[in-house]
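Chemist:
Residue numbers (this note's numbering): 6 to 604.
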């Protein structure tokens with residue numbers, strides 16, 4: 006009897022265990038389905054999570070998904086960028102199809118405003134024009150400013166020149182071309198941090214504070230890779246720039262760089278080769294050779310009394326049968342451009358990243374000139390609860406080979422490259438710029454002093470070397486707390502630091518000032534550092550037909566600058582470029598520093 010009762014209890018316990026196990030198995034199942042929009046189109050990359058957990062997946066190219074071991078009595082959370090989040094109960098179903106509804110907020114046209122805050126265009130009280138990356142990349146150039154030319158009304162773009170590595174100036178409607186030394190450029194802001202866009206006057210400014218050298222200039226927005234730009238917004242009017250103070254008196258250019266997209270990993274590689282050439286060249290006569298009046302300044306010559314009238318003429322002499330040279334056409338070379346870029350971007354619901362690198366190599370139309378630039382960028386973002394942590398960092402390095410333009414050096418008779426090209430005789434082979442002993446070949450021999458002649462363009466580009474090196478690091482780190490759906494607090498630390506070095510080497514014996522006949526050299530450098538702290542609190546809530554917006558913030562900006570200038574001339578040993586090769590009277594050193602804090 007005892008054994009029978011014991012056995013009965015054992016059987017009951019075993020059955021209970023089996024039933025319990027069967028119940029557990031029945032609580033978990035594989036759930037599949039499809040996520041579409043209201044038009045029946047699949048929503049690619051939508052997130053499907055088991056509510057209350059981090060377990061889930063994303064939809065494929067057909068909008069389909071599979072959740073293994075989902076609780077039969079649980080719920081699934083469906084979400085995707087631009088759609089309202091939906092929570093659906095499983096209710097023991099193995100197939101759960103969902104139609105997502107577009108979120109109204111994304112149906113309105115959004116624009117980027119001050120401090121990177123997005124707002125509806127219709128809610129703004131000032132003019133905003135913006136361009137997306139696709140429009141900016143149309144007719145892409147090395148300078149992002151040039152990409153705006155002809156694309157936005159009220160924006161005037163002026164190229165400093167057509168040379169490789171040359172800059173561009175931008176003036177928004179209402180701005181004016183100020184006097185020299187007055188900055189009339191708009192304020193540039195990249196990812197919420199002020200970005201220095203100074204025009205480079207290092208290589209174009211004085212050799213000794215008063216003697217200027219005509220050459221190409223650049224501006225610092227060129228340090229960016231245009232392929233990294235997601236959006237560029239132009240803010241016009243006083244109200245648009247109120248948050249940036251007097252620095253934005255000429256308007257604001259807001260640049261937002263790219264980020265990774267949720268659920269998608271993209272790899273983009275672009276390789277482009279373009280070329281250009283000098284097409285419309287001036288025509289020169291090749292029938293008559295050049296001449297000169299040896300006794301034109303001889304005051305002892307008596308006036309002959311000859312009277313010229315409308316029917317008088319003075320012959321140019323016999324037509325020349327000498328060999329002629331296409332000096333102008335032979336001088337210019339093809340302006341080849343190699344443009345390579347690679348980017349990788351991706352993300353999940355709580356994080357995203359963007360990594361890119363680029364190489365840009367532009368060969369100038371003028372030989373021995375060119376521009377090379379390397380860039381690297383990383384943008385990343387991570388969300389944890391109510392907090393979002395972000396970092397944007399970029400590094401660039403550029404080298405520019407330049408030459409003297411226009412009339413060349415101030416005080417010289419003609420040391421500019423193009424000045425010499427268009428004035429060189431077609432009866433002289435311009436490619437022959439040096440004698441066998443290395444000295445400069447002179448068009449007029451000894452008839453003129455060296456400093457009163459024009460330099461051969463080949464002499465200029467090979468002997469008078471000018472170059473510029475630039476290295477830059479920009480970064481910002483941010484922490485954002487979403488207190489509610491309509492209120493967030495954000496802190497951002499921004500850094501912008503670059504060095505700029507320009508060197509000029511002027512060979513001895515050229516058409517330069519007499520005191521420089523044994524050669525001249527100068528080195529200019531600029532160090533710039535900008536550090537910013539921004540703390541903002543933004544509230545934006547709608548009450549019926551009323552919108553409530555409140556932006557509070559504090560900012561501290563520290564700017565440091567340092568310049569160094571060195572110059573030497575009249576070397577003891579001609580063409581030996583060293584500051585030790587000049588006497589104390591023939592060299593100078595200058596140093597300048599500035600520091601500013603804006604609160």
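Ideal Cβ positions, reconstructed from N, Cα and C, are used throughout, including at glycine.
Residue 172 by DSSP, collapsed to three states: which one?
Modeler: Taking the first residue of the chain shown as position 1, residue 172 is located at position 167. Three-state DSSP puts residue 172 in coil, outside helix and strand.
Chemist: Among the residues of its own chain, which have a CB less than 8 Å from the CB of residue 587, if the five just before and after it don't count?
Modeler: Position 582 of the chain shown, counted from the start, is the residue given in the question as residue 587. Hits under 8 Å: 573, 574, 575, 576 and 577.
Chemist: Check whether the Cβ atoms of residue 232 and residue 202 lie closer than 8 Å to each other.
Modeler: As a working mapping, residue 232 is identified with position 227 in the chain shown. As a working mapping, residue 202 is identified with position 197 in the chain shown. No, the pair does not count as a contact, with Cβ atoms beyond the cut-off.
Chemist: How about residue 405 and residue 462: do their beta carbons lie closer than 8 Å?
Modeler: To locate residue 405, count along the chain shown from 1; it is residue 400. To locate residue 462, count along the chain shown from 1; it is residue 457. No, Cβ-Cβ distance for residue 405 and residue 462 is not below 8 Å.
Chemist: Between the region 503 to 516 and the region 463 to 470, are three or more C-beta pairs nearer than 8 Å?
Modeler: yes
Chemist: Per the contact definition of three or more C-beta pairs closer than 8 Å, is the region 396 to 410 in contact with the region 487 to 495?
Modeler: Contact between the region 487 to 495 and the region 396 to 410 is absent: fewer than 3 CB-CB pairs across the two stretches fall below 8 Å.
Chemist: So, does the region 67 to 76 touch the region 286 to 293, judging by three or more C-beta pairs under 8 Å?
Modeler: no
Chemist: Measuring alpha carbon to alpha carbon, tell me which residue in 489, 340 and 346 is nearest residue 370.
Modeler: For the purposes of this step, residue 370 is taken as residue 365 along the chain shown, with counting starting at 1. 340 is the residue among 489, 340 and 346 whose C-alpha sits nearest the C-alpha of residue 370.
Chemist: Do the region 331 to 347 and the region 358 to 365 make contact, defined as three or more Cβ pairs closer than 8 Å?
Modeler: yes
Chemist: Which residue's Cα is closest to the Cα of residue 105: 257, 514, 44 and 158?
Modeler: On the chain shown, position 100 is the one that residue 105 refers to. Among 257, 514, 44 and 158, the Cα nearest to that of residue 105 belongs to 44.
Chemist: Is the distance from the Cβ of residue 394 to the Cβ of residue 366 below 8 Å?
Modeler: Here residue 394 refers to the residue found at position 389 of the chain shown. Here residue 366 refers to the residue found at position 361 of the chain shown. Taking a C-beta distance under 8 Å as the contact criterion, residue 394 and residue 366 do not qualify as a contact pair.
Chemist: If I'm right that residue 516 touches residue 455 with Cβ under 8 Å, what's the distance once you round it to whole angstroms?
Modeler: Position 511 of the chain shown, counting from 1, holds the residue named residue 516. Position 450 of the chain shown, counting from 1, holds the residue named residue 455. Taking a contact as a CB-CB distance under 8 Å, the pair residue 516 and residue 455 counts as one, their CB atoms being some 6 Å apart.
Chemist: Spell out a yes or no on whether the region 253 to 273 and the region 324 to 334 are touching, meaning 3 or more CB-CB pairs, one atom from each, closer than 8 Å.
Modeler: no
Chemist: Below 8 Å, can you find three or more Cβ-Cβ pairs linking the region 433 to 446 to the region 481 to 491?
Modeler: no
Chemist: Please identify the residue among 160, 167, 164 and 168 whose C-alpha is closest to the C-alpha of residue 176.
Modeler: Here residue 176 refers to the residue found at position 171 when the chain shown is read from its first residue. Of 160, 167, 164 and 168, the residue nearest in Cα terms is 160.
Chemist: With residue 426 as the anchor, note down where its beta strand (DSSP E) starts and where it stops.
Modeler: As a working note, residue 426 is residue 421 in the chain shown. Here residue 426 belongs to no beta strand (DSSP E); instead the alpha helix (DSSP H) covers 422 to 426.
Chemist: Where does residue 88 fall in DSSP's three states?
Modeler: Position 83 of the chain shown, counted from the first residue, corresponds to residue 88. Correct three-state label for residue 88: strand.
Chemist: Report the start-end ranges of each alpha helix (DSSP H) in the region 327 to 367 that is 4 residues or longer and not cut off at the edges.
Modeler: 332 to 336
Chemist: Which of the three DSSP states is assigned to residue 601 in this structure?
Modeler: Numbered from its first residue, the chain shown carries residue 601 at position 596. Strand.
Chemist: Is DSSP giving residue 9 helix, strand or coil here?
Modeler: Here residue 9 refers to the residue found at position 4 when the chain shown is read from its first residue. Note that residue 9 scores 39 on pLDDT, short of 50, meaning its location in the model is unreliable; the coordinates nonetheless yield the value given after this. Residue 9: helix per DSSP, three-state reduction.
Chemist: Is it true that the CB of residue 266 sits closer than 8 Å to the CB of residue 390?
Modeler: Numbered from its first residue, the chain shown carries residue 390 at position 385. Numbered from its first residue, the chain shown carries residue 266 at position 261. No. Outside cutoff.
Chemist: Taking Cβ positions, are residue 532 and residue 566 nearer each other than 8 Å?
Modeler: Working through the chain shown from its first residue, we reach residue 532 at position 527. Working through the chain shown from its first residue, we reach residue 566 at position 561. Yes.
Chemist: Might you give, ordered along the chain, the residues of its own chain that have their beta carbon closer than 8 Å to the beta carbon of residue 98, omitting 5 neighbours on each side?
Modeler: Counting from one through the chain shown, the residue named residue 98 turns up at place 93. Same-chain partners within the cutoff: 36.
Chemist: Quick one: give me the first and last residue of the beta strand (DSSP E) that residue 496 is part of.
Modeler: Against the chain shown, residue 496 aligns to sequence position 491. 492 to 511 is the span of the beta strand (DSSP E), which, as asked, contains residue 496.
Chemist: Work out the CA separation of residue 474 and residue 582 for me, nearest whole Å.
Modeler: Indexing the chain shown from 1 puts residue 582 at position 577. Indexing the chain shown from 1 puts residue 474 at position 469. Distance between the alpha carbons of residue 582 and residue 474: 19 Å.
Chemist: Checking 8 Å against the spacing of the C-beta atoms, do residue 479 and residue 200 come in under that value?
Modeler: By 1-based counting over the chain shown, the position of residue 479 is 474. By 1-based counting over the chain shown, the position of residue 200 is 195. For residue 479 and residue 200, yes; Cβs fall inside 8 Å.
Chemist: By alpha-carbon positions, which one of 65, 67, 546 and 48 ends up nearest to residue 90?
Modeler: Looking up residue 90 in the chain shown gives position 85. Put simply, of 65, 67, 546 and 48 the residue whose alpha carbon is nearest the alpha carbon of residue 90 is 48.
Chemist: With a threshold of 6 Å on Cβ separation, who are the neighbours of residue 563 within its own chain once the five nearest residues in sequence on each side are excluded?
Modeler: For the purposes of this step, residue 563 is identified with residue 558 of the chain shown, where counting begins at 1. Hits under 6 Å: 536 and 602.
Chemist: With a 10 Å radius around its C-beta and 16 neighbouring C-beta atoms as the bar for buried, classify residue 599 as buried or exposed.
Modeler: Here residue 599 refers to the residue found at position 594 when the chain shown is read from its first residue. So residue 599 counts as exposed.
Chemist: Could you tell me if residue 282 is buried or exposed, where buried requires 16 or more neighbouring beta carbons within 10 angstroms of its beta carbon?
Modeler: Your numbering for residue 282 matches position 277 in the chain shown. When all chains shown are included, residue 282 counts as exposed.
Chemist: So, using beta-carbon positions, are residue 50 and residue 59 closer together than 8 Å?
Modeler: Along the chain shown, one-based indexing puts residue 50 at 45. Along the chain shown, one-based indexing puts residue 59 at 54. Contact: no.
Chemist: Below 6 Å CB to CB, which residues in the same chain sit around residue 388 once its five sequence neighbours on both sides are set aside?
Modeler: Here the question's residue 388 lines up with position 383 in the chain shown. Result list for residue 388: 355, in chain order.
Chemist: For residue 463, report the span of its beta strand (DSSP E) as first-last.
Modeler: Numbered from 1 along the chain shown, position 458 holds the residue referred to as residue 463. Careful: residue 463 lies outside any beta strand (DSSP E), inside the alpha helix (DSSP H) at 462 to 468.
Chemist: Going along the chain, which residues of its own chain have a beta-carbon closer than 8 Å to the beta-carbon of residue 4, five neighbours each way excluded?
Modeler: Here the chain comprises residues numbered 6 to 604, so residue 4 is not present and cannot be evaluated.
Chemist: Applying the criterion that 16 or more other CB atoms from any shown protein chain within 10 Å of the CB defines a buried residue, is residue 46 buried or exposed?
Modeler: Against the chain shown, residue 46 aligns to sequence position 41. Exposed, because fewer than 16 other Cβ atoms sit within 10 Å of the Cβ of residue 46.
Chemist: For residue 192, which residues in the same chain have their Cβ closer than 8 Å to its Cβ, ignoring the five residues on either side in sequence?
Modeler: The residue given as residue 192 occupies position 187 in the chain shown. Within the same chain, residue 192 has close Cβ partners 199, 246, 249, 252, 253, 255, 256, 257 and 258.
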